[in-house]
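Notes follow the structure.
2 protein chains.
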Amino acid sequence: MTERGQTAKAEETRNRILDGALRLFRERGFEQTTMRDVAAEAGVATGAAYYYYRSKQDLVMAFYLRTDEQSREAFANAIASSKELKKRVRGLIEVKFAQFAEHRGLLTALLKAGVDPRDPLSPFGEETRQVREDNIEWYARAIEGSDVSVPKEFAPHLPRLLWMYHMGLVYHWIIDTSPEQRRTMRVLDATLELIVQLLRISSLPLMGPLRKRALKVLRAFEDD
Amino acid sequence: MTERGQTAKAEETRNRILDGALRLFRERGFEQTTMRDVAAEAGVATGAAYYYYRSKQDLVMAFYLRTDEQSREAFANAIASSKELKKRVRGLIEVKFAQFAEHRGLLTALLKAGVDPRDPLSPFGEETRQVREDNIEWYARAIEGSDVSVPKEFAPHLPRLLWMYHMGLVYHWIIDTSPEQRRTMRVLDATLELIVQLLRISSLPLMGPLRKRALKVLRAFEDD
DNA sequence: GCGTATCGTTGAACATGTTCAAAAAGCCTC
DNA sequence: GAGGCTTTTTGAACATGTTCAACGATACGC
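Residue numbers (numbering that gives the first Met the number 0), protein chains in the order written: chain A, 0 to 223; chain B, 0 to 223.
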């Protein structure tokens, strides 16, 4: 688990800082917590926090990465639990929600940094490529052997599309102020039905022209 | 034009601050420009900038609102120029792009604040309701009397949907690093074709179930 | 064990967005 | 034009994310 040549003690300090930070974030909120608080909570000097984390948001990113790592099993279960694509995707997304439930508001901090594509923490940037591709892989697995057959031309795009869809839902969930985020759940159900329905009918011969246009959209996104 | 009981001189100072700020933002970028710079450029003390603008991002918002006001005519022209929905929507979006061309990067500052729904500058918040509804109105006008007929159930939703679509494109345009934002233009063309095609076939009887599911999605977004 | 390079830690200094109490300038009434 | 109210302006103070030079500890080659 130790990444570079750092000692076990350092690794422990790193974790202590993160854990303390998360507690403070949860108790008072991200903005209300100062980096001096974070350092004090971990019993180190202010500068130490910056030795281990590049920025305040980087703490959130570390939290994100940690939970992501811890959820492999839950992801696998979500996929193993059913052959229905709808249920699988729903499962994957619900795992994400469950993980972040305690820190729902915290992710806005990541988003704020993330909308700027120059920011290293952007979900579309180079630095997050690995997590992103890993996550997309889960959607590939969800599709594989599921109850919907995907037109050949779409197959290479669908996992990434579902990942984008999931990102959109997570954003909706974060800003959802309805009680218990019911609205997000409603949207999740309704959109999943629509998506699966679209996939189902997309193979019909009648849908040829539509398929062609949809593919054109997908290709337009590719770099040239 | 003067909004409250302020003098013409104050109004002029307000504009001088904004104009100077925009020049600095354009020349050095948003982050590289300090509020002290902005104030100095306008020949006032630092605090004065905060008398007229709530925050640094508020300057960008003022710029946004200003260009939005100035573009009514261009919007009207875009709609008058054709009966084709595709061309009209394209026209509306191109007006936006043209307005912001000089300050493309600047809008990321607004987005950063905007992803947080608690922020007053959020495009989905209460404070921006007026501009938002005004903008949505333009899409309503674009649909009215155009070459596509919209199923009755969708009619009340479509303007807002197109506005959301336009927001997505603007975001894509902002972060688009391809030369001259060609990729955005490709995506714009391809998605517009798809949208219009979808609208065209949505009236077919065969599409009944799909229409129903799409409507369910729209309703899921509504508050209960 | 000793010297040295790397790792870890410190806390003050810095940069900059923002606030605020106080003063100045306008304006209005008498 | 004196007094008082509102608007505008000021610049220092504040808060806080971040940097940095210096110092201490640790491991490693010899």
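Glycine included, every Cβ here is placed at the ideal spot set by N, Cα and C. All of these numbers come straight from a predicted model, not from anything done at the bench.
Only residues of its own chain outside the window of five on either side were considered, and among them Pro116 have a CB closer than 7 Å to the CB of A:Phe123, listed in chain order. Using beta-carbon distances, A:Ala213 counts as an interface residue toward chain B, with a partner under 7 Å. At a cut-off of 7 Å, the C-beta of A:Asp118 has no neighbouring C-beta in chain B. Three or more beta-carbon pairs separated by less than 8 Å link the segment 23-37 of chain B to the segment 46-61 of chain B, which places the two stretches in contact. Chain B has a Cβ within less than 7 Å of the Cβ of A:Gln196. Annotated as distal: B:Val195 and B:Ala141, with beta-carbon spacing of 7 Å or more. Residue-level contact by beta carbon fails for B:Val130 and chain A, as no gap is shorter than 7 Å.
Between B:Ile174 and chain A, the shortest Cβ-Cβ separation is below 7 Å.
Taking the Cα positions, A:Ile92 is about 12 Å away from A:Met163.
A distance below 7 Å between beta-carbons, with the five flanking residues on each side excluded, links B:Phe74 to the following residues of its chain, in chain order: Leu91, Val94 and Trp137. For B:Arg185, the neighbours in chain A by C-beta distance under 7 Å run, in chain order, Ala219.
Residue-level contact by beta carbon fails for B:Thr127 and chain A, as no gap is shorter than 7 Å. A:Gln69 counts as exposed, since fewer than 16 other C-beta atoms from the protein chains shown sit within 10 angstroms of its C-beta. DSSP places B:Val149 in no alpha helix (DSSP H); its state is neither H nor E. Beyond the five residues adjoining it in sequence on each side, A:Ile78 comes within less than 8 Å, by CB distance, of Arg87, Gly90, Leu91, Trp137, Arg140 and Ala141 in the same chain, given in chain order. Around the CB of B:Gln129, fewer than 16 other CB atoms lie within 10 Å, so the residue is classed as exposed.
Distance from the Cα of A:Ala41 is smallest, within the candidate group A:Asp18, A:Ala100 and A:Lys211, for A:Asp18.
A direct Cα-to-Cα measurement between B:Val149 and A:Leu193 gives close to 19 Å. Between B:Thr107 and B:Ile173, the C-beta spacing is below 7 Å. Under a criterion of Cβ atoms nearer than 7 Å, no residue of chain A is adjacent to B:Asp67; the nearest Cβ is some 20 Å distant.
A:Glu93 is outside the set of residues whose beta carbon lies under 7 Å from a beta carbon in chain B. At least 7 Å separates the CB of B:Val169 from every CB of chain A.
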